[in-house]
Amino acid sequence: MSIVPIGDRTNAALPIGVFDSGVGGLSVLNALRSELPREHFVYFADTDHAPYGERSDAYVTQRSLEVTRYLLEAHRIKALVVACNTATAAAIHRLRADHPSLPLIGVEPALKPAVAISRTGRIAVIATRVTLESRKFEALHASLASQAHFSIVPCDGLAGAIERSDAAQIAALCERYLGAAGRFGTEPGQIDTLVLGCTHYPFIADALRRCTGDTVRFIDTGAPVAQQTRRLLAAGHRLNDEGPDGSVTLVCSGAPESLDTAGARWLDRPFRCATRASALVPTSA
């Protein structure tokens, strides 16, 4: 596949691709728009195949390849943000191997920042099971295991409940999973930092807060990802830092109405209504 050379400044106005299995990546998109207000974004929600956290690594990798191909061919993206912890863990190495000249930014649970700010040395990490069982996460955890005690909790079903806006299920799952993590607070032996290891989870901060109390610090990856995206674009002379504010176009593999509803609820700024992508090759279940 032909990709415009990174150093070509004439391509600074091309859009940045952002994708997730569903609406969770909108939390990362908000951070990107705040950091890069003049950039144009195309957000792809693979809603017909969500949530990725309940799929196999091979399935997630194949979907990630198909979505990337679509964004390159249909929208000529100049960079790609994989705004999904599960897809990053399963597919980022393959994406980089297949597209060596495309700036690629992934997300991972923010364990390092959590270690830096925790005062009790006890940290809870919530994420999908696929993320937590990935080699990428296991290596990250192993590198920091001597610096803090981590309570690692796979949250089966939580991303799906957020996709459905199922408030009762969200509340029940938060209580179950955070109860399993341990005791939260700022006293010695208590968990004082919670890592939100899925891009869906910032949208349920209030429900999580009801389980942890007000003193616990929450950490997600939105701001660091946005800052890294800026650095890569600047290094490749592709940063669009002139002219009017940029735009957001929403695209999905499923019914666009649900993505429009999520955008109206969770995006901080205006967006172009969602359309359904017809060019994607379906992936077998």
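Each residue of the sequence shown is one higher than the last, beginning at 204 in my numbering.
Beta carbons are placed, not taken as given, at the ideal position from N, Cα and C, and that holds for glycine.
Span of the beta strand (DSSP E) around residue i
i	result
Thr452	451-455
Phe406	Neither: Phe406 is in no beta strand (DSSP E) and is coded neither H nor E.
Val398	396-399
Ala342	Counting along the chain, Ala342 falls outside any beta strand (DSSP E), though it belongs to the alpha helix (DSSP H) covering 338-347.
Ala282	282-285
Arg279	Per DSSP, Arg279 belongs to no beta strand (DSSP E) and is neither H nor E.
Arg441	Element bounds for Arg441: n/a, residue is neither H nor E.
Arg258	Per DSSP, Arg258 belongs to no beta strand (DSSP E) and is neither H nor E.
Own chain residues within Cβ distance below 7 Å of residue i, not counting five before or after
i	result
Leu343	Glu311, Leu314
Gly446	Arg241
Leu217	Arg279, Ile280, Lys281
Phe353	Ile326, Val328, His344
Ala410	Ile373, Ala374, Cys377
Gly416	Phe387, Gly388
Asp444	Arg241
Whole-Å CB distance - residue i paired with residue j, under 8 Å assumed
i	j	result
Ala290	Val263	6 Å
Val497	Ala477	Outside the modelled stretch of the chain, which goes from 204 to 488, sits residue 497, for which no answer is possible.
Ala292	Thr334	5 Å
Thr250	Leu462	7 Å
Asp223	Ala261	Contact doesn't hold; Cβ gap of about 19 Å is too wide.
His302	Thr271	7 Å
Residues near residue i by beta carbon distance below 8 Å, same chain, minus five either side
i	result
Ile308	Ala282, Leu283, Val284, Val285, Val428, Gln431, Thr432, Leu435
Gln372	Gly360, Ala364
Residue i in three-state terms, based on DSSP
i	result
Cys476	strand
Leu435	helix
Ile355	strand
Arg412	helix
Ala384	helix
Ala313	coil
Arg322	coil
Arg241	coil
Asp223	strand
Arg272	helix
Leu305	coil
Ala458	coil
Ala253	coil
Val328	strand
Beta-carbon proximity check, residue i vs residue j, cutoff 8 Å
i	j	result
Arg338	Gly256	no
Ser230	Thr464	no
Ser456	Arg475	no
Ala472	Arg236	The sequence given here has Arg at residue 472, not Ala. It is a contact, given that the beta carbons lie within the stated cut-off.
Ala458	Tyr273	no
Val318	Ala351	yes
Ala294	Leu442	no
Tyr246	Gly228	yes
Ala330	Cys358	yes
Gly225	Pro254	yes
Ser346	Leu298	no
Closer than 7 Å: residue i CB and nearest the ligand MG heavy atom
i	result
Arg479	Judged by which ligands are present, the structure shown has none, so any question about the ligand MG falls away.
Contacting residues, own chain, Cβ-Cβ under 6 Å from residue i (five flanking each side not counted)
i	result
Thr389	Asp395, Thr418
Asn233	Asp471
Continuous alpha helix (DSSP H) stretch holding residue i: start and end
i	result
Leu470	Here Leu470 belongs to no alpha helix (DSSP H), and DSSP marks it neither H nor E.
Leu217	Premise fails: Leu217 is in no alpha helix (DSSP H) and is neither H nor E.
Arg332	332-335
Gly363	361-366
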